[in-house]
Amino acid sequence: MGPDVPLLNDYKQEFFLKRFPQTLLGGPRFKLGYCAPPYIYVNQIILFLTPWLWGGVGTLLYQLGVMKDSCTAALSGGLMFVTALALQMTNLYAKQKTVTVERMQIQNTLTDEDEFEFSSCVGSETVKFIIPGKKYIINTVFHSLLAGVLCGLGTWYLLPNRITLLYNNIGGTVVIFVFGWVTICIGEYSLIINTATETATFQALDTYEITALMRPFYIFVFIAVDLAHRLLVMFLISAGTAIASYFIPSPLGVILFMTGFGFILSLNLSEIGFALKHTMISHLASSKAKNAHRGLRIQFGWREFIFYVAVLAFALTEASLLHQFAGSSSFSQARPQAIASYILILLLVIMWILREIQRVYLFGVFRNPFYPKDVRTVAVFMEKQRRLMKVGVVRRILLTLVSPFAMIAFLSLDHSLQNLHSVSVSIGFTRMFRMVWQNTENALLDMVVVSAAQMLVFNPDLWWNRSLDTGIKLLLATNRALPARVPQVGLLRDRLLQFLSKLHFAIAILLTSWTEKKQRRRSSAALIALNVAFFPVLLALVAVSALLSSPLLPLFTLPVFLVGFPRPLRSWPGPAGGTACVCSDTVYYRQLVPGLAAALQSALAAGGLGLSLPGSHYLCRFQDRLMWILVLEKGFTYCGVNIKGLELQETSCHAAEAHRVDEIFEMAFEHQEHTRILSPNPHFGHILTPCTVVPVRLYSDARNVLSGIIDSHENLKHLKDDFVKVLVWMLVQYCYKKSKTWESPGSANKNKQESLPENQHSGAVKGSRALREEDSFSVDTVEDWTDESDIFDFEPSSRTRDRKDPGQLGLTPKVHLSIPGSIETQSQDFLQEMSPEDKLNRAMVLGLPAMDKGKQPEVLPRVEFSCSYSELLSIPEEWRTAPVPSSKVSEMRQRFPEEWYHFVLSQLDFFHLKEKPSSLLTDLMKDQALKELYIHGVLSCCFGLFGLDNAVPAPRHVFRAYTGGIPWSAGLDWLTGKPELFQLALKAFRYTFKLMLDKASLGPVENFRELVNYLEGYESDWYIGLVSDLEWQQAVLQEKPYLFSLGHDPSMGIYTGRVLTLQELLVQVGKLNAEAVRGQWANLSWELLYATNDDEERYSIQAHPALLRNLTVQAADPPLGYPVYSSQLLQLPLF
28 MGPDVPLLND YKQEFFLKRF PQTLLGGPRF KLGYCAPPYI YVNQIILFLT PWLWGGVGTL
88 LYQLGVMKDS CTAALSGGLM FVTALALQMT NLYAKQKTVT VERMQIQNTL TDEDEFEFSS
148 CVGSETVKFI IPGKKYIINT VFHSLLAGVL CGLGTWYLLP NRITLLYNNI GGTVVIFVFG
208 WVTICIGEYS LIINTATETA TFQALDTYEI TALMRPFYIF VFIAVDLAHR LLVMFLISAG
268 TAIASYFIPS PLGVILFMTG FGFILSLNLS EIGFALKHTM ISHLASSKAK NAHRGLRIQF
328 GWREFIFYVA VLAFALTEAS LLHQFAGSSS FSQARPQAIA SYILILLLVI MWILREIQRV
388 YLFGVFRNPF YPKDVRTVAV FMEKQRRLMK VGVVRRILLT LVSPFAMIAF LSLDHSLQNL
448 HSVSVSIGFT RMFRMVWQNT ENALLDMVVV SAAQMLVFNP DLWWNRSLDT GIKLLLATNR
508 ALPARVPQVG LLRDRLLQFL SKLHFAIAIL LTSWTEKKQR RRSSAALIAL NVAFFPVLLA
568 LVAVSALLSS PLLPLFTLPV FLVGFPRPLR SWPGPAGGTA CVCSDTVYYR QLVPGLAAAL
628 QSALAAGGLG LSLPGSHYLC RFQDRLMWIL VLEKGFTYCG VNIKGLELQE TSCHAAEAHR
688 VDEIFEMAFE HQEHTRILSP NPHFGHILTP CTVVPVRLYS DARNVLSGII DSHENLKHLK
748 DDFVKVLVWM LVQYCYKKSK TWESPGSANK NKQESLPENQ HSGAVKGSRA LREEDSFSVD
808 TVEDWTDESD IFDFEPSSRT RDRKDPGQLG LTPKVHLSIP GSIETQSQDF LQEMSPEDKL
868 NRAMVLGLPA MDKGKQPEVL PRVEFSCSYS ELLSIPEEWR TAPVPSSKVS EMRQRFPEEW
928 YHFVLSQLDF FHLKEKPSSL LTDLMKDQAL KELYIHGVLS CCFGLFGLDN AVPAPRHVFR
988 AYTGGIPWSA GLDWLTGKPE LFQLALKAFR YTFKLMLDKA SLGPVENFRE LVNYLEGYES
1048 DWYIGLVSDL EWQQAVLQEK PYLFSLGHDP SMGIYTGRVL TLQELLVQVG KLNAEAVRGQ
1108 WANLSWELLY ATNDDEERYS IQAHPALLRN LTVQAADPPL GYPVYSSQLL QLPLF
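For the sequence shown, my numbering gives the first residue as 28, with consecutive numbering after it.
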């Protein structure tokens, strides 16, 4: 896709040109896209100017001296309220008048989606088009009342006399009067007539009609600014004075109140409440309490409770003692507060050093000489990082225990706390006593800056220390919502960091629009020139965006910048993890997230991820997996994160950006053996900065081409013999596990007699269903012949893989139909189950002659065992009814691996039998009747899978047998009639195929003991099947050590093997520029929700390796983004 792909396609351009004027004017639709009568436009103009009309009446009466300003406002507001209510009633009347059955119109949804048919100037269709009405009755009344208040306040605010007294200029009065009333008309129209789609759209649906209140709200803010300012100041003064002087009259009480509540509010109260609730109801409903578990929750027990109580008690004691005995003097270099300041400065320097040496790059610029080089394996990394782990423990102690108490000492010693009648004491210190625990690192930085300023200018007569107390200085340092009239120290901390991040983002877009060839459009040079020429304007936009804490919105991700609307740091509405585009790849993220969360817990506590704040974004990479981490909240000893997983099926855009991510991480962690000390970061300036690697237990994915193995004649020749051995072992194990439910041969015989009567087939079906729930091998995975099928197809059709189990759907067992012209070989059990009438109807099919079915099959003679315990290992009788010629039975006797059969029997222990002879195993081996049963059972399976031909199977047949898409045959038709046996045979074949691969790569099997070890390992540690199996996903979640799947690439004609291995591996973690993410998400929201530009090939979703634009779009919450996994809020303990 070239760089000059249209920003909006032709249809969307026309749609945008209709929507934007509507947004600009507050809702009137003057561009419809089709021909409409003139009265449609005239009616909208009249309704648009109605507020100005009623305001003009009031203004005229005031100017003539008939009424006072307050009465004028009340009159205009009352007229507007009545008008708004009348308009809403008109809409309700038009809706009731409209008939319920209307003529259906065939419309072109691409061009005429908004087309209406109008009959008259005041017809019902006209009214409903111009005044859509409200969803709820309460909004009808509330919005009408609000419209009256808005019109009244607007009339009072825009009285010409008031404006003239303010500016003393007639020209300015006229301009403000005209444009002021245009603004009020826009707000009124959006409120009561038709709400325009806002560019600040936050979510796709406006359920409660909040959008209509946005414009009136902004107008209210400007009209009532003087009144609001007076009320706010009076409220703050009154409340602060009341709290400080009346409710807490003692200085010591103020200290204890602030310290205690600051600590409590910084804790994870939701998790503590959950733990208490779980403890209270565990003895009544323990199972329900387990089901209430969500995400990764903090283990809150008695140890944590005692720790928090001890910390709180020590903090209260420290604050009260220091304030009581050493907090009465003003600041000077010889006073206790100055000593506390020196301690804070020392702690800040030490903690910064300890944090930076945990990361691969110092400050993101220079290579850390203490960080392990050439990190590739977990063992080497953990050995090299042992010293850094000890440093991390020291930093954790300093951050959690030492720094908060040092800051409490600094605050408690301030002389400002002696003055109770101060707003700053009630607001500033309350905030800081909480920030000490909730955001320790930033609070420490703010206090160090303030204390350094005090030490530099410690003269108490200067305005800095005389006019402003410590609380108000620190409050300005941490509170984003409090404006500062004079630039203070702390306000720059947050806003300056935002400004630098946004400026980095803006410059990155500006430079890459030319340096990246695929981003270089025809307009790039002009846009760059404009940005350079108006660079002060660009800086002003960035500064305003930082001041408002709003995202910097690059329009279509071009170097055209706007100040976005303020949004939460998470950027999206709804709870975390509420939606995701779930697919087959989701299971891999579900498996790794718990381990990744535990690894992040250690990295966050040690400082390996840098300064993590709410709103910080991280990107993790391992093989083809990309994990997006967003910090949602942080407090004392805990951090809440949301982890998303991006798609594994890489598109070209996804692959280009993922390759750049791999390149950045490889340069940081894998190619450092020859680098110099303090070498610069080669990707400095990229929005992704590598931080560290963390060990996580997850699956590594290896894919191999099986050419030379699956097509080897020698390997395929041994495949049949190995299949016989594996099947013997499988049948013996099946019968042995089944015998554990019986205590003696007599009970076995009794159980068999009880299960043999008429419902023999239905019992087999129930057993097959139960087994199918545990294993993926189903009879329905075999292709059925239809008129649309091709019996020479190479691969099984997809419909056979997606078919539902009849047992799960509650249907009757499926009847398998033969190919027309062939002889039917229906199961005898099925024939016995049919009624005589069904048999007659089945024989007399219209258009076909009746066929003689022959004699009913004879009941098999009872097997006489030489050992009474052989009944425990006897295979089911119906498994010996395969229509196999006697010559093949004799041939199987010769091929039957008797030594292997004896060895398998010798491995059985029969511990479950209470009484057994010492020669039990020997007697079983000598029992020829039991051996004959296994010969018939093995032959039946070979007949079903390979037929009667002794030829070496072709690779194509092996692949189809592995996937369950075996072509139809008489033997397969009989085998599929025995679901349990078919599943055992298919499972044995897959084990045999895996054994063939292992022998080809690791060498031949030396003895029977080694072969048994292979098979037992497959049974316990492996899942061998298909990626599309449901059991594959279950095995991943159960963390089976190994998984194997066979695949085929038809385009290249090659067979592939895929092996997943569960092991502890290193996951690379990098920190993203949070403002770059917020800016791109703001553009995504505007582009999709307002401009409705959902073109899959649009410019703003194309690959941008410098900004990771495609990955950022993927990581957004649905429906705008499409992560395949999104976790709920994960609470990570940090101590």
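C-beta: ideal position from N, C-alpha, C; glycine also.
Excluding the 5 residues preceding and the 5 following residue i in the sequence, name in chain order all residues of the same chain whose CB lies nearer than 7 angstroms to its CB.
i, result
"L1029", "none"
"F1016", "F750, L972, A988 and Y989"
"L1099", "H644, Y645, L646, I714 and L715"
"M285", "F456, T457 and F460"
"R1105", "P578 and S598"
"D96", "Y89, W183 and L186"
"I993", "V809, L972, R987 and L999"
May I ask which residues mark the beginning and end of the alpha helix (DSSP H) holding residue i?
i, result
"R422", "R413 to I424"
"M434", "S430 to S439"
"P363", "P363 to E383"
"L1135", "Taken as a continuous stretch (DSSP letters only), L1135 belongs to no alpha helix (DSSP H), as it is neither H nor E."
"P581", "From DSSP, P581 is part of no alpha helix (DSSP H) but of the beta strand (DSSP E) over L579 to P581."
"V614", "T613 to A633"
"F923", "Note, F923: premise wrong, no alpha helix (DSSP H); not H, not E."
"F206", "I197 to I219"
"R549", "No alpha helix (DSSP H) contains R549, which DSSP labels as neither H nor E."
Using DSSP's beta-bridge definition, name the partner residues of residue i.
i, result
"N118", "In the DSSP output, where bridge partners are listed per residue, N118 has none listed."
"F393", "L389 and P707"
"V407", "Bridge partners of V407: none, in fact."
"V1086", "A729 and F1071"
Along the chain, where does the beta strand (DSSP E) that runs through residue i open and close?
i, result
"G667", "Y665 to G672"
"M654", "R652 to G662"
"H740", "Where H740 is concerned, there is no enclosing beta strand (DSSP E), although the alpha helix (DSSP H) it sits in stretches over H740 to S766."
"P13", "Lying outside 28 to 1162, the shown extent of the chain, residue 13 is not represented and no answer is given."
"P65", "Per DSSP, P65 belongs to no beta strand (DSSP E); it is in the alpha helix (DSSP H), P65 to Q90."
"G644", "The sequence given here places His at residue 644; Gly does not occur at that position. Residues H644 to F649."
"V590", "F588 to V590"
"P1160", "L1157 to P1160"
When the distance is taken between beta carbons, is residue j closer than 8 angstroms to residue i?
i, j, result
"G591", "F460", "no"
"G655", "A1142", "Position check: residue 655 holds Trp in this sequence, whereas Gly was assumed. Yes, Cβ-Cβ distance for W655 and A1142 is below 8 angstroms."
"P399", "Q412", "yes"
"L177", "F75", "no"
"G667", "Q1158", "yes"
"Y616", "Y1152", "yes"
"D612", "E677", "no"
"L415", "F397", "yes"
"L283", "P363", "no"
"T467", "S430", "yes"
"F649", "V336", "no"
Under the criterion of a Cβ to heavy atom distance below 7 angstroms, does residue i qualify as lining the ligand MN?
i, result
"I377", "You won't find the ligand MN in this model; it holds no ligand whatsoever."
If I measure Cβ to Cβ from residue i and keep anything under 6 angstroms in the same chain, skipping five residues before and after, which residues do I get?
i, result
"F250", "The amino acid occupying residue 250 in the given sequence is Ile; Phe does not appear at that position. Once the five neighbours on either side are set aside, the close Cβ partners of I250 are L180 and Y184."
"Y726", "L1087 and L1089"
"L1138", "E684"
"M757", "L1011 and A1015"
"L554", "P586"
"V418", "L381"
Only counting the same chain, and skipping five residues up and downstream in sequence, which positions put a Cβ closer than 8 angstroms to that of residue i?
i, result
"A207", "Residue identity check: residue 207 is Gly in the sequence provided, not Ala. Only G181, Y184 and L185 meet the Cβ criterion."
"K162", "E236"
"D802", "The pLDDT assigned to D802 is 41, lower than 50, so where the model puts this residue is not dependable, and the model offers no usable value."
"I691", "H710, H713, L715, P717 and G1097"
- Message: Quick check on the DSSP output: what are the complete beta strand (DSSP E) runs of length 3 or more inside the region 1001-1084, in order along the chain?
- Response: Complete beta strand (DSSP E) runs here, min 3: 1049-1052 and 1069-1076.
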